[in-house]
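There are 4 protein chains.
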Amino acid sequence: MPDQPPAQKLAGIFTPNMTPLDERGDINEAELRRYVDWLIDHGVHGLYPNGSTGEFTRFTPEERRRIVQIICDQTRGRVPVLAGAAEANVRETLRACEAYKQYGARAVAIVSPFYYRLSPGAVLAYFREIALNSPIDVTLYNIPMFASPIDVPTLQRLAELPRIIGMKDSSGDVAQMLRMMAAVQPHRPDFAFLAGWEAVLVPMLLMGCSGGTHATSGIVPEATRKIFDLTTSGQYQKARPLQLKLIELFDRIVYGADFPEGIRAAVELRGFKLGASRQPPNPEQRIDRAELERLINDLLKMAKSIE
Amino acid sequence: MPDQPPAQKLAGIFTPNMTPLDERGDINEAELRRYVDWLIDHGVHGLYPNGSTGEFTRFTPEERRRIVQIICDQTRGRVPVLAGAAEANVRETLRACEAYKQYGARAVAIVSPFYYRLSPGAVLAYFREIALNSPIDVTLYNIPMFASPIDVPTLQRLAELPRIIGMKDSSGDVAQMLRMMAAVQPHRPDFAFLAGWEAVLVPMLLMGCSGGTHATSGIVPEATRKIFDLTTSGQYQKARPLQLKLIELFDRIVYGADFPEGIRAAVELRGFKLGASRQPPNPEQRIDRAELERLINDLLKMAKSIE
Amino acid sequence: MPDQPPAQKLAGIFTPNMTPLDERGDINEAELRRYVDWLIDHGVHGLYPNGSTGEFTRFTPEERRRIVQIICDQTRGRVPVLAGAAEANVRETLRACEAYKQYGARAVAIVSPFYYRLSPGAVLAYFREIALNSPIDVTLYNIPMFASPIDVPTLQRLAELPRIIGMKDSSGDVAQMLRMMAAVQPHRPDFAFLAGWEAVLVPMLLMGCSGGTHATSGIVPEATRKIFDLTTSGQYQKARPLQLKLIELFDRIVYGADFPEGIRAAVELRGFKLGASRQPPNPEQRIDRAELERLINDLLKMAKSIE
Amino acid sequence: MPDQPPAQKLAGIFTPNMTPLDERGDINEAELRRYVDWLIDHGVHGLYPNGSTGEFTRFTPEERRRIVQIICDQTRGRVPVLAGAAEANVRETLRACEAYKQYGARAVAIVSPFYYRLSPGAVLAYFREIALNSPIDVTLYNIPMFASPIDVPTLQRLAELPRIIGMKDSSGDVAQMLRMMAAVQPHRPDFAFLAGWEAVLVPMLLMGCSGGTHATSGIVPEATRKIFDLTTSGQYQKARPLQLKLIELFDRIVYGADFPEGIRAAVELRGFKLGASRQPPNPEQRIDRAELERLINDLLKMAKSIE
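Residue numbers (this note's numbering), protein chains in the order written: chain A, 1 to 307; chain B, 308 to 614; chain C, 615 to 921; chain D, 922 to 1228.
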């Protein structure tokens, strides 16, 4: 495509959105569309369906496609869609990549192989095979607590493939992110580093990330947008109190309940019907909705008050 | 079913078999049937398709059913089939349970929720929902290195459900297995504890396991059978040298290559065409087939020589 | 020493004894001597001062020597003393070795380097330097949860040094113990493998350990002796219920309180005044002495009832 | 001391200095004094003897005192001394605190209890006992990879004690540092947070640390000083390339050799005779001195070139 301008570097806050379910446990399309509109209206820079927050492992392959299709259709180009495309194996994943390209996604995000913990060489071979055959741009998704880690030499070699345009890191390890940037940025200034752990959103942005994918942006998009805008415009000291408060919300949803049930509860507090989880409810766990609501309100108020 | 005799406790060595693929990467049914016959002829007590060794995560839901169907059909009741039935969520898993019952499986094995690390309460809720609705006996599959751990209190409560008839543990933690036995056996003498880590097969059998599911039984079924027979007949001192040699093979296939590529290579050395892995080959990893062959031959010779 | 008979392989249950303190927090020599006598009278095969249970890190170098001196003096050869001799560096450790030899210890036990996590090569160099210069037999002490792990190749090379006569392993990893035995026993049949994790005492003895060092033997020496005698005389099935009950006690003292406060409480229940811990009391932790007492009584009764 | 002005908050880069040894393995006082002078002349804000880099565990209690005495004497008030004072138990530690106060140290640093992994309540009790009895200001030293972690609620409660004036954190976890600041700063604006992991020095300073203790400041004090000055004066973008290069040096000394042998080699490259390590040399480990030298020179050149 020689005539096409180079695609813009991925930047901003992408929401790894949850998918509302109806009373039978199926995808609630109307509510999903309403949620997408609300997120865009409240400032998110992009959508990221089929992420960890989006419970991609709990949907069937057909459902995962349906979710991306609805979201691409609903966004209608207003914001880019980064579609989670990991399937059972490379062949199935490539089929999803083709479908998501047709739906209009900007790129796909592919989590490192999970269940088995694979060695760096196997992680490299896996992403390489996908990148060489994908019809759509690929971002790597590094989440060592759930999947095989992507290490620095592996990333460095993968960044030689033009189809791979960025990496989302959910380790929260700022030092490791700096090592990755040092290895890749000299050769690939267009390569996007996306932070995936909002507890360090401000330092990650200060140190060179162009954005992030954050579950909390599906709850308080106003606040994550404000943090992004302040930090990227040189006002990180103003962003710092918001960052500290965001950690409180983040810790509560991440450590206070089985993932992602805290997020489900919080999104519902913003007015969306997400339906019952596909994971049977854990009777030993009660989410303190009043506390969640207080934190959300604090964040919204604080975000509003900072100029 | 008042007239039916109580089902026998699961016992013996079950093979978590790999599934041969053809040149296009699809299930090679003929070779799978040939492999099943060979395993039965060489002394395995049961088959266990769709286990971790069987790469269940790399097949589509349709393929997983096809694998169980072929194996149930081919075993024709000669040995029991324990069918891995974990799917994307409880609903899909129950559908698989129904299918596997119809195919003639003795029971299903369901791995603890993976990808997300869930709390004990959520693990309990998950298995409870399945056990209350499954039309077929259920065994729990505990493999903490890949999936949410099943802890002792959780197991104790799950063992109150008659549908749950056993647990396979792949932690290799003998002390933890003893704790589980202490919690469950007084109330459920019929509950089967199956060892899933052959490096401790002899001590696990000595301490109360009725059997195990072992990848090496798909490579050297003669040796694992011999270990089982010797140990359960009071001759564990004779089984000890076999156990030490089995660890050598086990370590080589588990730590010497990305799981389960070492097993694939070893099964091929016994004369089966397993085809190329669905995981693209890792060029940094070369499996020493000569060493594998030497270990296999040592084990077979040793197994033969011990009366 | 051509005229001397070869020293006997270390065997049996060694007690890593705690050291009683008086009201000023100093060593209570009289009570220590009384405790040593009681332990010997109740069947322990040896004493092991300055172990982890003995809080060696909380005493000064001078106090550590005094403890060994008192114990050697009090045992008067009735049972062998295995003296913990790790000091700040090799030079200081060797000085302790010399002193302990003079006091009459059978051997020293030296924990792998701790605080820093050293690589296998450094662990090897450390023990090698000590073994080449020690005037007294050395046992290695592997406790990966607190100190640099001793891996199999390292142990194999250390076992080439005649001064090193055994290893105590507190990992509780039966498979790893088997790997170590496979590496060492063919060349060193005299090398003693001592189990240091009583939750797997029976399986460790069955698989080739000649004994163990167990904190619980300082609480219920009658029971650990009975387990040892039953298991080493082919009656492991009779030892199994005692093993399961011992795990209950072990779990309570290890996981129920900051180590080794549970052991302190339990030893006091047997009639010894251990004094206040040098670690300031944790007000958030209350040890359930009634439950401890119940477990101790159960174990004693059970040990008595089994012939 | 009612007439004294409140002590200033700890700030700047403190060097956890190594201690030179002579040919007999004893403290080389002359070289230590020369090294201290050089560090001060090259811009470090303070000294920190008996830290992890300073191998405090490998010296005897008497040697640890001697080291602090020499350093306090040599600095003669030019820079503050933060003296590592952890000894075998609270009583011994308090004696060291008294001595270090007399020597003229600004404060002591006390590592969380190590060897045993203690619970938060025990960590709290330990530091509390020390803080209530120490005649000199205390900083807490959190280094979870070597010692019992200090968690946020524990820190919050310890910060209620005026004697505790700061915390050094060597976890490198920026999110956790933010949580700690959020818990403490509202009540204790004077409390110093010191970063102890130079791979994240810039982000830690940006997010609220007043300084740090960094082994690399003992090698390239010019560069760490430049990073500190640039970052604290709003020029963090200029500090970023230095930070990335510092990580290269840091990784090489931390992951390239048994700690702290890489630092020993690097300090020697700056012209100091540190002598042979007390840990016997690991023959499997060769430190690439040429590469170390190249990194040091790169850092020095880069530091000089940035205005």
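From the three backbone atoms N, C-alpha and C, an ideal C-beta is built for every residue, glycine too.
Chain D beta carbons: is any one of them nearer than 7 Å to that of residue i?
{"i": "Leu624(C)", "result": "no"}
{"i": "Glu812(C)", "result": "no"}
{"i": "Gly256(A)", "result": "no"}
Does residue i have its Cβ less than 7 Å from a Cβ in chain A?
{"i": "Leu1099(D)", "result": "yes"}
{"i": "Pro510(B)", "result": "no"}
{"i": "Ile1168(D)", "result": "yes"}
{"i": "Ala1224(D)", "result": "no"}
Could you check whether residue j and residue i sit closer than 7 Å to each other, using their CB atoms as the reference points?
{"i": "Phe1149(D)", "j": "Ile988(D)", "result": "no"}
{"i": "Ser517(B)", "j": "Arg470(B)", "result": "no"}
{"i": "Lys9(A)", "j": "Asp190(A)", "result": "yes"}
{"i": "Cys686(C)", "j": "Tyr662(C)", "result": "no"}
{"i": "Ile1168(D)", "j": "Ala1186(D)", "result": "no"}
{"i": "Gly479(B)", "j": "Ala522(B)", "result": "no"}
{"i": "Ala109(A)", "j": "Val152(A)", "result": "no"}
{"i": "Met916(C)", "j": "Leu858(C)", "result": "no"}
{"i": "Ser217(A)", "j": "Val79(A)", "result": "no"}
{"i": "Gly473(B)", "j": "Ala499(B)", "result": "yes"}
{"i": "Ala1028(D)", "j": "Leu1003(D)", "result": "yes"}
{"i": "Gly698(C)", "j": "Gly660(C)", "result": "no"}
{"i": "Lys782(C)", "j": "Thr753(C)", "result": "yes"}
At the 7 Å Cβ level, is residue i part of the contact set with chain C, yes or no?
{"i": "Phe1112(D)", "result": "no"}
{"i": "Met514(B)", "result": "yes"}
{"i": "Asn938(D)", "result": "no"}
{"i": "Ala870(D)", "result": "Any question about residue 870(D) goes unanswered here, given that chain D covers just 922 to 1228."}
{"i": "Ala490(B)", "result": "no"}
For residue i, report the span of its beta strand (DSSP E) as first-last.
{"i": "Phe1149(D)", "result": "Taken as a continuous stretch (DSSP letters only), Phe1149(D) belongs to no beta strand (DSSP E), being part of the alpha helix (DSSP H) at 1142–1153."}
{"i": "Asn756(C)", "result": "752–756"}
{"i": "Thr364(B)", "result": "Run containing Thr364(B): none; DSSP gives neither H nor E here."}
{"i": "Leu1115(D)", "result": "1113–1116"}
If you follow the alpha helix (DSSP H) that residue i is part of, which residue opens it and which one closes it?
{"i": "Thr392(B)", "result": "At residue 392(B) the sequence reads Ala, which differs from the Thr that was named. Looking at the DSSP string, Ala392(B) is not in any alpha helix (DSSP H), and its letter there is neither H nor E."}
{"i": "Gly876(C)", "result": "875–883"}
{"i": "Ala623(B)", "result": "Residue 623(B) cannot be examined here, being either before or after the span of chain B that is shown, 308 to 614."}
{"i": "Ala432(B)", "result": "427–440"}
{"i": "Ile378(B)", "result": "368–382"}
{"i": "Asp1209(D)", "result": "From DSSP, Asp1209(D) is part of no alpha helix (DSSP H); its letter is neither H nor E."}
{"i": "Asp958(D)", "result": "950–962"}
Are the C-beta atoms of residue i and some chain B residue less than 7 Å apart?
{"i": "Asp251(A)", "result": "no"}
{"i": "Asp151(A)", "result": "no"}
{"i": "Glu858(C)", "result": "A quick correction: the sequence has Leu, not Glu, at residue 858(C). So, interface residue."}
{"i": "Met615(C)", "result": "Only weak support is given to the placement of Met615(C): the predicted model assigns it a pLDDT of 37, under 50, and the value that follows is read from those uncertain coordinates. With 7 Å as the cut-off, Met615(C) does not count as an interface residue toward chain B."}
{"i": "Asp288(A)", "result": "no"}
{"i": "Phe146(A)", "result": "yes"}
{"i": "Phe308(A)", "result": "In this structure chain A extends from 1 to 307, so residue 308(A) is not present and cannot be described."}
**OP:** Note down, in chain order, all residues in the stretch 404–437 of chain B with a beta-carbon under 8 Å from any beta-carbon belonging to chain A.
**Re:** Answer in chain order: Pro420, Phe421, Tyr422, Tyr423, Arg424, Leu425, Ser426, Pro427, Gly428, Ala429, Leu431, Ala432, Tyr433, Arg435, Glu436.
**OP:** Decide yes or no for the touch test of the stretch 592–599 of chain B against the stretch 553–567 of chain B: beta carbon pairs closer than 8 Å, at least 3 of them.
**Re:** Yes: the two stretches touch, three or more of their Cβ pairs being nearer than 8 Å.
Original post:
In the stretch 28–62 of chain A, which residues sit with their C-beta less than 8 Å from some C-beta in chain B, listed in chain order?
Top reply: Flagged, chain order: Ser52, Thr57, Arg58, Phe59, Thr60, Pro61.
Subject >> Positions along the stretch 1075–1097 of chain D whose CB lies within less than 7 Å of some CB in chain A >> reply: Closer than 7 Å at the C-beta level to chain A, one finds these residues of the stretch 1075–1097 of chain D: Gly1093, Val1095, Ala1096.
Original post:
Is it true that the stretch 89–97 of chain A meets the stretch 335–350 of chain B, where meeting means three or more beta-carbon pairs spaced less than 8 Å apart?
Top reply: Taking 8 Å as the limit for Cβ pairs, the verdict is that the stretch 335–350 of chain B does not touch the stretch 89–97 of chain A.
Subject >> the stretch 572–583 of chain B touching the stretch 116–125 of chain A, judged by at least three CB pairs closer than 8 Å >> reply: They do not touch, by the three-pair rule.
Original post:
When Cβ atoms are compared, which residues of the stretch 570–593 of chain B fall closer than 8 Å to chain A?
Top reply: If the cut-off is 8 Å between Cβ atoms, the stretch 570–593 of chain B has Arg585, Gln586, Pro587, Pro588, Asn589, Pro590, Glu591, Gln592 near chain A.
Subject >> Members of the stretch 228–242 of chain A that neighbour chain D once the beta carbon cut-off is set at 8 Å >> reply: Residues of the stretch 228–242 of chain A with a C-beta atom less than 8 Å from some C-beta of chain D are Tyr236, Arg240, listed in chain order.
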